[in-house]
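Enquirer: Per the working numbering, residue 2 is the first one in the sequence shown, and the count goes up by one each step.
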Amino acid sequence: MKTNKPDDISEDIYLGFVRSLFTGAVILLLGALTQGLIGLLVYWKTGAPIYIVLAILMAAASLGRYLSILRVDRETIVGYEAAQRWERYYIFWGTVQGFCVGIFAFVSLYVVPDSFGEIAAISVVLASTITIAGRNFGSRKMVIILSLSVLLPISFGLMLKGDFYNFMLGLFIIPFIFTINKMGDLVRTVLFTALSEEKKANRIAERFNRALNTMSHGLVMLSSNGRVVVANAEAAHLMSFNSPDALLGRTIHSLLMRGVAGGMLALKDCKFIEGQLTRALSEGRDRKVLVSLSNGQYFEFSAREGSQQLGVITFEDVTQRVEAEEKVRTMARYDSLTGLPNRAYFHELVVETLFTGDRDRCCGLAVLDLDDFKSVNDTLGHPVGDGLIYAVAERLAAFASDTVKVSRFGGDEFMIFIDHVEDESHLSGIIDRIFAGLQGEIDVAGHALRIQASGGAVISRVRDTDVDAMIVKADLALYKAKELGKNGWRLFEATMDEAFRSRQLMKADLRAAVETNSLRVVYQPIVAMDTMRIASCEALCRWEHRDLGPISPAVFIPLAEEMGIISEISHFVLQAACAECARWPEKITVSVNLSAKDFRSRAVIDRVRNALATSGLAPHRLEIEVTETALLDDKSLTRQYVEELKLLGVRIALDDFGTGYSSLSYLHKLPLDKVKIDRSFLMDIGQNSRSLELLKGVVNVSRSLGLAVTMEGVETFEQLRILSHEVKPDLVQGFLFGSALTASGIETMSTTVWPFAKDMQNAKREGAR
């Protein structure tokens with residue numbers, strides 16, 4: 002437990018004060034005798050029995066205080082906690098005695114008034130107050146308590162008598178309380194000052210001894226005439242003297258010139274060091290001087306505590322510290338993997354360059370980002386990814402010069418600043434050469450990797466240049482390069498900034514639309530192959546912008562994923578789809594596509610459960626579509642959540658099957674009910690027999706595992722005919738069956754048989770003939 006320092010004094014002085022309380026106890030024994038006898042004498046005079054009780058109490062209190070002091074061995078009072086404990090013990094008994102004396106005075110003056118009793122009470126109080134400051138100065142609390150407990154009762158007793166003169170006399174006694182406390186403080190201050198000065202002298206002597214015998218620094222002390230009067234062994238060792246005595250009588254100048262004579266120190270450095278140390282000693286200020294020696298060592302001289310009598314100079318070999326600081330400085334400025342300047346230092350270098358030279362010159366800045374770098378880390382591991390980063394950095398570093406600065410900005414992003422650019426064609430030529438230098442394969446841990454990067458660049462006049470603004474514009478150009486197919490670079494154009502601002506505005510509008518539930522849900526029919534009736538429908542989100550009109554999901558869904566609000570949209574669609582499906586005929590179900598982000602949290606389970614409970618929809622009428630992206634993000638966690646959803650009674654479908662390289666592995670690992678085959682399988686099904694056989698194989702594999710099959714992207718009757726005759730999926734969906742419908746449209750079309758049914762039957766009969 003932490004103990005606060007009483008009165009802000011040091012431990013040894015505080016201990017001394019507390020120990021002083023437990024000395025001279027004999028006076029308390031005398032006080033016990035006299036107070037008891039005075040009490041009996043007053044009883045003898047007045048005949049009031051209360052004085053017998055008071056006499057016993059005063060004598061007992063004084064005797065108890067005396068005995069309590071005798072039982073304390075002052076040598077056991079060690080440390081703050083012990084001192085505070087014994088001080089509280091002392092205060093307790095002192096308080097008891099003080100209150101007994103105070104009660105005696107109050108009774109004599111007011112309760113049983115008698116002239117002799119009043120004189121006796123005043124005598125006891127007078128005798129007690131004389132010793133309060135002298136005996137109890139070691140405890141400020143005790144002085145306060147005793148002065149209050151002894152003097153306040155007699156003051157109140159006089160004032161309660163009622164007449165003017167006694168009241169005023171009682172009032173005039175109160176200032177004596179403050180006088181006694183001030184006297185106690187004065188005694189404490191005088192003793193504290195004396196002890197502090199003694200302690201200071203001892204501390205100076207101890208410091209001097211420690212400086213000489215235990216310091217790892219070299220130390221010399223100079224007299225007022227600038228000559229060494231004290232030196233320690235380390236000083237002799239660092240200055241190559243045999244003993245400290247060899248330094249005595251020498252001046253700072255002679256000691257430094259010894260280094261000049263040995264070739265370790267230049268003469269100009271000698272004069273500078275001497276001037277700095279001499280000035281520090283004369284001004285009484287602390288000053289440090291770092292000295293570089295010719296052998297690579299560094300010495301640090303410190304002048305401090307200069308006065309008219311003695312000045313102290315310490316010095317030490319700080320070579321390791323300087324080298325460590327330089328290493329830390331390097332680590333703070335340069336990327337640990339590539340050795341290139343990091344983001345902060347690159348920014349500093351560019352700003353420094355921009356503020357020098359011709360302000361009307363042009364400069365350029367380019368940002369490079371490796372294409373699909375995440376897949377390298379995910380498939381080959383981070384060590385291989387680091388190797389690729391290092392290889393790219395090596396090739397970029399070859400272009401660095403006084404006018405070209407290269408930095409690793411973080412991750413797989415690099416930044417290049419080109420000073421003194423003539424025009425756009427000049428900048429384009431430089432960046433083209435850099436991109437050409439990146440071409441080719443590299444070997445990283447046995448893996449042949451091809452470097453592919455996208456870049457963005459901007460050119461600007463130095464006078465009008467802001468580094469951060471250039472970085473933003475280069476990033477916009479990079480974004481455009483990636484948008485146009487990667488593996489190339491683009492120069493910033495004003496339209497990119499406009500597009501960026503429009504994109505930011507659209508993000509703000511989309512967030513507002515989500516927060517105000519301004520989105521709407523439509524439903525794309527999913528038709529049963531055998532009946533050509535609506536068996537289910539897929540819930541799709543639509544956004545009608547107040548100014549731009551309908552915004553394609555291909556635009557706002559990626560925006561929502563980028564903004565991190567896709568789960569909110571999924572939740573909105575889920576609730577709306579369940580509520581609408583509950584109003585449709587029992588035979589129609591609804592499917593909702595959940596994003597990869599939805600499956601990163603257990604909240605997806607609660608959202609589906611709450612949507613079913615709120616709408617009253619039977620769980621088997623809800624189908625959750627899981628994308629392959631969600632499965633790739635975290636297979637084990639997604640599988641766990643899918644299994645928990647399955648326990649709710651909902652159906653699970655694998656959406657866009659066939660677009661990923663590992664889709665087949667999911668068919669037997671996940672508790673699926675349906676597979677939705679991607680539209681890409683239908684692209685050339687009428688012209689390419691291999692595509693047809695592949696599609697039939699996928700359908701057969703799915704059916705053998707007990708999974709229903711939905712074919713997506715049906716757009717022509719010819720595709721439908723081939724599916725009906727050759728593939729035979731369970732369900733089909735696509736623009737052939739019309740665009741997405743409102744909830745009421747689905748309800749209206751629920752009993753409608755698509756006209757394709759008759760055509761399909763005729764086609765089957767012709768096929769049979």
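In this text, a Cβ means the ideal position worked out from N, Cα and C, and glycines have one as well.
Bear in mind the structure is a predicted one, so any value in this text is a computation, not a measurement.
Rounding to the nearest angstrom, what Cα-Cα distance links MET258 and VAL191 in this structure?
Expert: In the sequence shown, residue 258 corresponds to position 257, counting from 1. In the sequence shown, residue 191 corresponds to position 190, counting from 1. Distance between the alpha carbons of MET258 and VAL191: 51 angstroms.
Enquirer: Look at the Cβ atom of ARG680, then the Cβ atom of GLY714, and state whether they are nearer than 8 angstroms.
Expert: As a first step, residue 680 is located in the sequence shown; it is residue number 679 there, counting from the start. As a first step, residue 714 is located in the sequence shown; it is residue number 713 there, counting from the start. Against a cut-off of 8 angstroms, the Cβ pair of GLY714 and ARG680 comes out as a contact.
Enquirer: Which one of GLU317, ILE570, ILE435 and LEU618 has the shortest CA to CA distance from TRP490?
Expert: Within the sequence shown, the letter at position 489 stands for residue 490. Closest option to TRP490, Cα to Cα, is ILE435.
Enquirer: Taking only the alpha-carbon atoms, compute the straight-line gap between GLY739 and ALA482 and give it to the nearest angstrom.
Expert: Counting from 1 along the sequence shown, the entry for residue 739 is found at position 738. Counting from 1 along the sequence shown, the entry for residue 482 is found at position 481. One C-alpha to the other measures close to 36 angstroms.
Enquirer: Buried or exposed for PHE736, going by 16 or more other Cβ atoms inside 10 Å?
Expert: Residue numbering aside, residue 736 sits at position 735 when the sequence shown is read from its first letter. Answer is exposed; the Cβ neighbour count stays below 16.
Enquirer: Determine the closest residue to ALA577 out of ILE606, LEU560, ILE589 and ALA612, with distance taken between C-alpha atoms.
Expert: Position 576 of the sequence shown, counted from the start, is the residue given in the question as residue 577. The shortest Cα separation from ALA577 among ILE606, LEU560, ILE589 and ALA612 belongs to ALA612.
Enquirer: Can the beta-carbon of MET416 be found closer than 8 angstroms to that of SER408?
Expert: Along the sequence shown, read from residue 1 onward, the residue named residue 416 stands at position 415. Along the sequence shown, read from residue 1 onward, the residue named residue 408 stands at position 407. In contact: MET416 and SER408 (Cβ atoms closer than 8 angstroms).
Enquirer: With distance defined between alpha-carbon atoms, name the residue in LEU683, PRO672, SER503 and ASP413 nearest to LYS375.
Expert: Within the sequence shown, numbered from 1, the residue matching residue 375 stands at position 374. Out of LEU683, PRO672, SER503 and ASP413, ASP413 has the C-alpha closest to the C-alpha of LYS375.
Enquirer: Measure the alpha-carbon distance for VAL290 versus SER303 and round it to whole angstroms.
Expert: The residue given as residue 290 occupies position 289 in the sequence shown. The residue given as residue 303 occupies position 302 in the sequence shown. When rounded, the distance between both Cα atoms is 6 angstroms.
Enquirer: Between the Cα of ARG330 and those of PHE316, ALA345, ASP318 and GLU317, spot the shortest distance and give me the residue it belongs to.
Expert: Here residue 330 refers to the residue found at position 329 of the sequence shown. Ranking PHE316, ALA345, ASP318 and GLU317 by Cα distance to ARG330 puts ALA345 first.
Enquirer: Relative to the alpha-carbon of THR752, which residue among ILE589, VAL229 and GLU545 has its alpha-carbon at the smallest distance?
Expert: The residue you call residue 752 lines up with position 751 of the sequence shown. Per the Cα distances, ILE589.
Enquirer: Are the CB atoms of ALA580 and SER616 nearer to each other than 8 angstroms?
Expert: As a working note, residue 580 is residue 579 in the sequence shown. As a working note, residue 616 is residue 615 in the sequence shown. Cβ atoms of ALA580 and SER616: closer than 8 angstroms.
Enquirer: With DSSP run on the structure shown, which of helix, strand or coil describes ARG525?
Expert: Walking along the sequence shown from the start, residue 525 turns up at place 524. For the sequence presented, residue 525 should be read as Gln rather than Arg. If DSSP states are grouped into helix, strand and coil, GLN525 belongs with the strands.
Enquirer: If we ignore side chains and look at the alpha-carbon of each, how far apart do LYS647 and THR711 end up?
Expert: Numbered from its first residue, the sequence shown carries residue 647 at position 646. Numbered from its first residue, the sequence shown carries residue 711 at position 710. Whole-angstrom Cα-Cα distance: 19 angstroms.
Enquirer: Extract the residue ranges of the beta strand (DSSP E) inside the stretch 289-373, only unbroken runs of 3 or more that lie entirely within it.
Expert: Here the runs fully enclosed are 299-305, 312-318 and 363-371.
Enquirer: Find the nearest neighbour of PRO554 within the set LEU38, ASP685, ILE570 and ILE133, judged by alpha-carbon distance.
Expert: By 1-based counting over the sequence shown, the position of residue 554 is 553. It is ILE570.
Enquirer: Could you check which residue in LEU595, VAL126 and HIS546 has the C-alpha nearest to that of CYS101?
Expert: As a working mapping, residue 101 is identified with position 100 in the sequence shown. Checking every option, the nearest Cα to that of CYS101 belongs to VAL126.
Enquirer: With distance defined between alpha-carbon atoms, name the residue in ALA262, VAL261, MET222 and ASN243 nearest to GLY250.
Expert: Taking the first residue of the sequence shown as 1, we reach residue 250 at position 249. For GLY250, the nearest C-alpha among the options comes from MET222.
Enquirer: Just list the alpha helix (DSSP H) runs in the stretch 548-572, keeping only unbroken ones of 4 residues or longer that don't cross its boundaries, in chain order.
Expert: Whole alpha helix (DSSP H) segments, 4+ residues: 554-564.
Enquirer: Quick one: any contact between the stretch 44-51 and the stretch 86-104, if contact means 3 or more CB pairs under 8 angstroms?
Expert: Cβ pair count under 8 angstroms is below three, so no.
Enquirer: Out of curiosity, what's the CA-to-CA distance linking GLY17 and VAL73?
Expert: Sequence index remark: in the sequence shown, residue 17 carries index 16 (1-based). Sequence index remark: in the sequence shown, residue 73 carries index 72 (1-based). Computed Cα separation, rounded: 14 angstroms.
Enquirer: Check whether the stretch 561-575 and the stretch 509-517 touch, using three or more Cβ-Cβ pairs below 8 angstroms as the test.
Expert: Taking 8 angstroms as the limit for Cβ pairs, the verdict is that the stretch 509-517 does touch the stretch 561-575.
Enquirer: Could you tell me which uninterrupted alpha helix (DSSP H) segments, each at least 4 residues in length, are contained entirely in the stretch 108-176, listed from first to last along the chain?
Expert: As far as the stretch 108-176 is concerned, its whole alpha helix (DSSP H) runs of at least 4 residues are 116-137 and 141-161.
Enquirer: With distances taken from CA atoms, which of GLN641, VAL144, CYS271 and PHE173 is nearest ASP186?
Expert: Stepping through the sequence shown from its first residue, residue 186 is reached at position 185. Selected option, being the one with the closest Cα: VAL144.
Enquirer: Measure the CB-CB distance between ALA478 and VAL459 and report whether it falls below 8 angstroms.
Expert: Indexing the sequence shown from 1 puts residue 478 at position 477. Indexing the sequence shown from 1 puts residue 459 at position 458. Yes, Cβ-Cβ distance for ALA478 and VAL459 is below 8 angstroms.
Enquirer: Output the distance between the C-alpha atoms of PHE493 and GLN453, rounded to the nearest integer angstrom.
Expert: Your numbering for residue 493 matches position 492 in the sequence shown. Your numbering for residue 453 matches position 452 in the sequence shown. Rounded to the nearest angstrom, the two C-alpha atoms are 20 angstroms apart.
Enquirer: Which of helix, strand or coil does DSSP assign to THR590?
Expert: The count along the sequence shown starts at 1 and reaches residue 590 at position 589. In this structure, THR590 counts as strand in the three-state DSSP scheme.
Enquirer: Would DSSP call ASP679 helix, strand or coil?
Expert: Translated into the one-based positions of the sequence shown, residue 679 becomes position 678. Of the three classes helix, strand and coil, the one that applies to ASP679 here is coil, per DSSP.
Enquirer: Whose C-beta lies closer than 7 angstroms to the C-beta of ASP656 among residues of the same chain, with five residues either side of it excluded?
Expert: Stepping through the sequence shown from its first residue, residue 656 is reached at position 655. So the list reads ASN594, GLU626, VAL627, THR628 and LYS677, once near-sequence residues are dropped.
Enquirer: Whole angstroms is fine: what's the gap from MET2's alpha carbon to TRP94's?
Expert: Taking the sequence shown and counting its residues from 1, the one referred to as residue 2 is at position 1. Taking the sequence shown and counting its residues from 1, the one referred to as residue 94 is at position 93. Low confidence applies to MET2: its pLDDT is 36, below 50, so where it sits in the model is not reliable enough to give any reading.
Enquirer: In three-state terms, what does DSSP make of LYS729?
Expert: On the sequence shown, residue 729 is found 728 positions in, with the first residue counted as 1. The answer is coil: DSSP assigns LYS729 none of H, G, I, E or B.
Enquirer: Assign ASP607 to one of two classes, buried (16 or more other C-beta atoms within 10 Å of its C-beta) or exposed (fewer than that).
Expert: To locate residue 607, count along the sequence shown from 1; it is residue 606. ASP607 comes out exposed.
Enquirer: Going by beta-carbon coordinates alone, are GLY158 and PHE107 separated by less than 8 angstroms?
Expert: By 1-based counting over the sequence shown, the position of residue 158 is 157. By 1-based counting over the sequence shown, the position of residue 107 is 106. Taking 8 angstroms as the Cβ cut-off, GLY158 and PHE107 qualify as a contacting pair.
Enquirer: Could you say which of ILE133, LEU152, PHE165 and GLY40 lies nearest to VAL113 if we only look at CA atoms?
Expert: As a working note, residue 113 is residue 112 in the sequence shown. Among ILE133, LEU152, PHE165 and GLY40, the Cα nearest to that of VAL113 is on GLY40.
Enquirer: Are at least three pairs of beta-carbons, each pair with one atom in the stretch 380-393 and one in the stretch 316-328, less than 8 angstroms apart?
Expert: The stretch 380-393 vs the stretch 316-328: no contact.
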